[in-house]
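Colleague:
Residue numbers (full-length UniProt numbering): 1 to 449.
#1: Between the stretch 314-324 and the stretch 294-303, do at least 3 Cβ pairs fall closer than 8 Å?
#2: Of the residues 308, 189, 74, 258, which one's Cα is nearest the Cα of residue 118?
#3: Determine the burial state of residue 234: buried for a count of at least 16 other Cβ atoms within 10 Å of its Cβ, exposed for fewer.
#4: Give the DSSP-derived three-state secondary structure of residue 400 in the structure shown.
#5: Would you mind listing the alpha helix (DSSP H) stretches within the stretch 221-306 that are 4+ residues and don't spill past its ends, in chain order?
#6: Quick one: what's got a C-beta closer than 6 Å to residue 101's C-beta in the same chain, skipping five residues either side?
#7: Just curious, the alpha helix (DSSP H) that residue 330 is in, first and last residue?
#8: Just curious, the alpha helix (DSSP H) that residue 185 is in, first and last residue?
#9: Check the C-beta distance from residue 313 over to residue 178 and give it rounded, since I have them as a contact under 8 Å.
#10: Which residues in the same chain have their Cβ closer than 8 Å to the Cβ of residue 424, if we skip the five residues on either side of it in sequence?
#11: Determine the extent of the alpha helix (DSSP H) in which residue 422 is found, giving its start and end residues.
#12: Which residues in the same chain have their Cβ closer than 6 Å to the Cβ of residue 203, if we skip the five residues on either side of it in sequence?
#13: Count the other C-beta atoms from every protein chain shown that fall within 10 angstroms of the C-beta of residue 71, then say buried if there are 16 or more, exposed otherwise.
#14: Please report the straight-line C-alpha distance between residue 438 and residue 83, rounded to a whole angstrom.
#15: Just the C-alpha distance for residue 384 and residue 81, rounded to the nearest angstrom, thanks.
#16: Where does residue 364 fall in DSSP's three states?
#17: Would the stretch 346-365 and the stretch 206-223 be scored as touching if the rule is three or more Cβ pairs under 8 Å?
#18: Taking the alpha helix (DSSP H) that residue 388 belongs to, which residues open and close that run?
#19: What separation, rounded to the nearest whole angstrom, lies between the Cα atoms of residue 238 and residue 249?
#20: Rounded to whole angstroms, what's the CA-CA distance from residue 418 to residue 426? Just pull it up for me.
#21: Tell me the DSSP secondary structure of residue 111 in three-state form.
#22: Does the Cβ of residue 348 have 16 or more other Cβ atoms within 10 Å, making it buried, or fewer, making it exposed?
#23: Comparing alpha-carbon positions, which option in 386, 90, 126, 324 lies nearest residue 432?
#24: Could you tell me the alpha carbon to alpha carbon distance between residue 285 and residue 259, rounded to whole angstroms?
#25: How far does the beta strand (DSSP E) with residue 88 in it reach, from first residue to last?
#26: On the three-state DSSP scale, how would you describe residue 118?
#27: Alpha carbon to alpha carbon, how far is residue 126 from residue 112?
#28: Contact check, residue 232 vs residue 294 under 8 Å by CB: the rounded distance?
#29: Measuring CA to CA, which of 254, 396, 442 is closest to residue 413?
#30: When DSSP labels each residue in this structure, what does residue 101 get in the three-state scheme?
#31: Which residue from 96, 191, 181, 95 puts its Cα closest to that of residue 103?
#32: Return the first residue and the last residue of the beta strand (DSSP E) that residue 375 is part of.
#33: Tell me the DSSP secondary structure of residue 353 in three-state form.
#34: Among 94, 271, 105, which residue has its Cα nearest to the Cα of residue 68?
#35: So the beta strand (DSSP E) residue 406 belongs to, where does it begin and stop?
#36: Would you kindly work out how many angstroms separate the C-alpha atoms of residue 246 and residue 407, rounded to a whole number?
In structure tokens, the structure reads:
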């Protein structure tokens, strides 16, 4: 259903996103929400006039065809290579007046956006060539590191799709249909396409009730809805509260509309898994920050009620305003605490994206090495699995990746030098928020009748 969510290139995300620090590269102040000013040229002309000259010189290529590659001025005030994904005619424009939906080839698809003609440097337009030929030529010129970076950008999270299915997926989802959403006190820029019902096709912004997750086209509709909505928290059982943090378990069968709305919302920030409409088969664990106004969703994970593959997590997301606060790690840890309560070992649904695997590898590393540091004497992988609820295969692959395991006389032997353990623990980073197991009050689903 989804993937590890994170902020730019963090525990569940994409390529690093350059962000302005209050000035442009030339030291000029930036204006929030606007295109950053460029430096004046030697004749005193502004960057806007320079852009106009470039546009005039390259006007013979207009309108740009889908597939065209060109340089585009981004929010950091610099030009970056883009590929034109789609175009649409401006309502009151001339024959060549279009705006273009572009993909920044250096960055993840979440940064794709509609741009105006004046943001494009028409002198840099490249002739559209056959994609297969271009890819073959490009792959010959790229270093291994460059190719890996591009592979991550374009197919990260799509390991379960063959080439034909991937092309179909990217064609269907190539243009973001919703640009922004309002959720509680936040207005959030979306990252990806989400298949909302057809009646929302003409909306660039949606307004969500942060408690029941119903969505509307207009602010006035949301305000009317909020006067009637009785919910102040997700419609499920509160199974955990520690300080201001609460976790609610929502049964997709009992709360079908909420489950579907949560999937629509999550898909705006997740690119690489199928959106399930049959939410009856899933439980949703919604993490909230609570105050006197109610319990405000910060993220969630879902899991199948019955998984033959021992999956203890299907989809995980931390909403963008709450990222980089340790909530993603908390959600992963919480999924394993539920597995311990069930008396089962668990593992996340496969396949994992590259960054999903990094997040889990970090969690497994911290948990396993912490035990190895404190444990005296020998310990087996089976014993580690029983203590942590981590699947034996995940333990084995983690320790092999850390070069802490050897195969001797027909069996695996863990080699735990204290200095090596400390070095790996330091590299794994902080563990995020801890789950206080004493505050978890929960009965596994199979026992609920």
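Yeah, the Cβ is synthetic: ideal placement off N, Cα and C, and Gly gets one too.
Modeller: Considering the structure as presented:
#1: yes
#2: The residue you call residue 118 lines up with position 118 of the chain shown. Out of 308, 189, 74, 258, 74 has the C-alpha closest to the C-alpha of residue 118.
#3: The count along the chain shown starts at 1 and reaches residue 234 at position 234. It is buried - the Cβ of residue 234 has at least 16 other Cβ atoms within 10 Å.
#4: As a first step, residue 400 must be located in the chain shown, where it is residue number 400. Three-state DSSP puts residue 400 in a helix.
#5: 256-267
#6: For the purposes of this step, residue 101 is taken as residue 101 along the chain shown, with counting starting at 1. Closer than 6 Å at the Cβ level, and outside the excluded window around residue 101, lie 85, 86, 114, 175.
#7: In the chain shown, the residue the question calls residue 330 occupies position 330. Run containing residue 330: 327-342, per the alpha helix (DSSP H) assignment.
#8: Locating residue 185 in the chain shown gives position 185, where the first residue counts as 1. No alpha helix (DSSP H) contains residue 185, which DSSP labels as neither H nor E.
#9: As a first step, residue 313 must be located in the chain shown, where it is residue number 313. As a first step, residue 178 must be located in the chain shown, where it is residue number 178. Actually they do not touch by this definition, with Cβ atoms about 26 Å apart.
#10: Residue 424 sits at position 424 when you count from the first residue of the chain shown. Taken in chain order, the residues that qualify are 365, 369, 402, 404.
#11: Residue mapping note: residue 422 aligns to position 422 of the chain shown, counting from 1. Note, residue 422: alpha helix (DSSP H), 418-428.
#12: Within the chain shown, residue 203 is the residue found at index 203, counting from 1. Contacts found: 217.
#13: As a working note, residue 71 is residue 71 in the chain shown. By the neighbour-count rule (16 or more Cβ atoms within 10 Å), residue 71 is buried.
#14: The sequence position of residue 438 within the chain shown is 438, counting from 1. The sequence position of residue 83 within the chain shown is 83, counting from 1. Distance between the alpha carbons of residue 438 and residue 83 is about 52 Å.
#15: Numbered from 1 along the chain shown, position 384 holds the residue referred to as residue 384. Numbered from 1 along the chain shown, position 81 holds the residue referred to as residue 81. Each residue's Cα considered, the two are about 48 Å apart.
#16: Counted from its first residue, the chain shown places residue 364 at position 364. Reduced to three states, the DSSP call for residue 364 is helix.
#17: no
#18: As a working mapping, residue 388 is identified with position 388 in the chain shown. First-last of the alpha helix (DSSP H) with residue 388: 381-388.
#19: Counting from 1 along the chain shown, the entry for residue 238 is found at position 238. Counting from 1 along the chain shown, the entry for residue 249 is found at position 249. For residue 238 and residue 249, the distance between alpha carbons rounds to 6 Å.
#20: Translated into positions along the chain shown, residue 418 becomes position 418. Translated into positions along the chain shown, residue 426 becomes position 426. One C-alpha to the other measures close to 12 Å.
#21: The count along the chain shown starts at 1 and reaches residue 111 at position 111. Residue 111: helix per DSSP, three-state reduction.
#22: Mapped onto the chain shown, residue 348 falls at position 348. Classification of residue 348: buried, given that the 10 Å Cβ count is 16 or more.
#23: Against the chain shown, residue 432 aligns to sequence position 432. It is 324.
#24: Your numbering for residue 285 matches position 285 in the chain shown. Your numbering for residue 259 matches position 259 in the chain shown. Going from the Cα of residue 285 to the Cα of residue 259 covers about 11 Å.
#25: Residue 88 sits at position 88 when you count from the first residue of the chain shown. Run containing residue 88: 79-89, per the beta strand (DSSP E) assignment.
#26: The residue you call residue 118 lines up with position 118 of the chain shown. Residue 118 falls in the helix class under three-state DSSP.
#27: Taking the first residue of the chain shown as 1, we reach residue 126 at position 126. Taking the first residue of the chain shown as 1, we reach residue 112 at position 112. About 19 Å.
#28: For this step, residue 232 is matched to residue 232 along the chain shown. For this step, residue 294 is matched to residue 294 along the chain shown. Contact holds; Cβ gap of about 4 Å.
#29: As a working note, residue 413 is residue 413 in the chain shown. It is 396 whose Cα lies nearest to the Cα of residue 413.
#30: By one-based count along the chain shown, residue 101 stands at place 101. Three-state DSSP puts residue 101 in a strand.
#31: Translated into the one-based positions of the chain shown, residue 103 becomes position 103. Among 96, 191, 181, 95, the Cα nearest to that of residue 103 is on 191.
#32: Position 375 of the chain shown, counted from the first residue, corresponds to residue 375. Where residue 375 is concerned, there is no enclosing beta strand (DSSP E), given that its DSSP letter is neither H nor E.
#33: The residue given as residue 353 occupies position 353 in the chain shown. Correct three-state label for residue 353: coil.
#34: Taking the first residue of the chain shown as 1, we reach residue 68 at position 68. Checking every option, the nearest Cα to that of residue 68 belongs to 105.
#35: Walking along the chain shown from the start, residue 406 turns up at place 406. Element bounds for residue 406: 405-408.
#36: Your numbering for residue 246 matches position 246 in the chain shown. Your numbering for residue 407 matches position 407 in the chain shown. Going from the Cα of residue 246 to the Cα of residue 407 covers about 44 Å.
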